[in-house]
Each structure stands twice: as structure tokens, then as C-alpha cells.
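Mind the numbering: the sequence shown is residues 696 to 892 in the numbering used here, read in order.
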Amino acid sequence: MKKLYFCLIPYFVTYDGTEAPNIPECANFLPVDLTGEDGTVYELLFGALTAKKALPRAIADEAGREGFISDATVVFCAKAETGALVTVGWYSHANVTPHPEVIPMTNEEGEEIQHPFFFCTHRENAVLLPEDERFKPQWQIPRSKNSVKFGFSADPFLSADTPSADAFCRAFMENIAHYEANGDNWLCETEDEETQG
């Protein structure tokens, strides 16, 4: 099965860096333009998880000499005000690094800030769920009270690499594939609104 990881981050609506500029996770769905060596401009997203200083050893082992895992799916989850643990969005075809990297960004005041990130993908590979969609049953994330059941415990990073996770993760990946083909993506709507305005 495809590499699948879940991250628990604070709950925000747009994740475009405006709701809480001092919290790196608030900018997890903020596209950043980077120019490649050939002059091509790429719109990338850089996902933070500041509650972790490093990802589990298994991530470092799998990253190997390249220093990153490629083609992973990273699902961002958050605890809403209702107490529900919901999915807010995901990165498909993402790179995952075992230790945070840093990209310089500029805040609203024009000051340069250092944005730490473990996850990176192209904008077209990411989905930010509309707020009402996040609360639908297929996006609810389980909590684990013991080591046998799959779900979040105290650790904000969850790897779907245990046998107990198989059924849940297969269904979740099917939901992702169906939604990417048919659902609304707030990242695309923002782009469409800018084009129309």
C-alpha cells in the first residue's frame, strides 16, 4: 500500500498563514512560488508539524541516503471546536523528511521568518477540504487508547504501517481518490476567485 501518514495540527479554516501568523502549521496550505534552475516557477506547499523535533526512526531509515521519502500521502487532521477529530486536507505525492527543513518566508509586515517543514508537495497535489466537508463521517479520524487499535494517541504523527491500520487506511485512500476526482478543493476555489476578480 502507498505510504500514508497522519499529522495532528491546530484547527484553522483556510491555513493560508493569515489566521495565526506565528503558528507555522497555519501556513500549511499557503502556496509558495519557487523558481527552478531552468527558470520554471513551481507552486509548492510546505507542511509544518512543530510538535515534533524529528519523525520516528522508521522514517529516517526509509529515507536512507536520499534524505527523504517520496510519493507519500500526508493527511492533516485537527481537533475542531466540537471536539471531533477531523481531516482538514492532505498532500498527495509528497516528500517527507525525517528532520525539519527550513524555508525563508515573508510575513504580512514584510519581515522574513523561518518556516520549518517536514512535508512538501506541488499545489496541484494538495486538497484543502471545505469546512463543512471536514465533519463528514469519512473524514473522521480514530483515537487510540492502547497500542493495539489504530488512531492518534499522544503523538501528533501517525504512520499507517501497522496491520491494525490496513482496513481503515484502504478505505481512507479510496475516499481520497474519489474526492480528488469529484470534490471541491478550497485551494482551487481560491485560485478561481482570484482569476474572476
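We put the CB at the ideal spot given by N, CA and C, even for glycine.
- Fewer than three Cβ pairs drawn from the segment 729–738 and the segment 756–774 lie within less than 8 Å of each other, which leaves the two stretches out of contact.
- Per DSSP, the beta-bridge partners of residue 786 are 769 and 821.
- Three or more beta-carbon pairs separated by less than 8 Å are not found between the segment 793–807 and the segment 819–835, which leaves the two stretches without contact.
- Contact annotation: the segment 854–869 does not touch the segment 702–717, with fewer than three C-beta pairs closer than 8 Å.
- Residue 736 and residue 721 have their C-alpha atoms some 23 Å from each other.
- When C-alpha distances from residue 791 are compared across 838, 835, 704 and 743, the shortest belongs to 743.
- Distance from the CA of residue 769 to the CA of residue 799, rounded to the nearest whole angstrom, comes to 22 Å.
- Checking the DSSP bridge columns, you'll see residue 728 partnered with 738.
- Residue state for residue 871 is assigned as helix, using DSSP reduced to three classes.
- Under the DSSP assignment, residue 700 falls in the beta strand (DSSP E) whose first and last residues are 699–703.
- Proximity to residue 835 across 870, 753 and 698 peaks at 870, based on C-alpha coordinates.
- The closest CA to that of residue 708, considering only 855, 861 and 782, is found on 782.
- Contact between residue 703 and residue 851 holds, since their C-beta atoms are separated by about 4 Å, short of 8 Å.
- Within a 10 Å sphere around the beta-carbon of residue 829 sit 16 or more other beta-carbons, which makes this residue buried.
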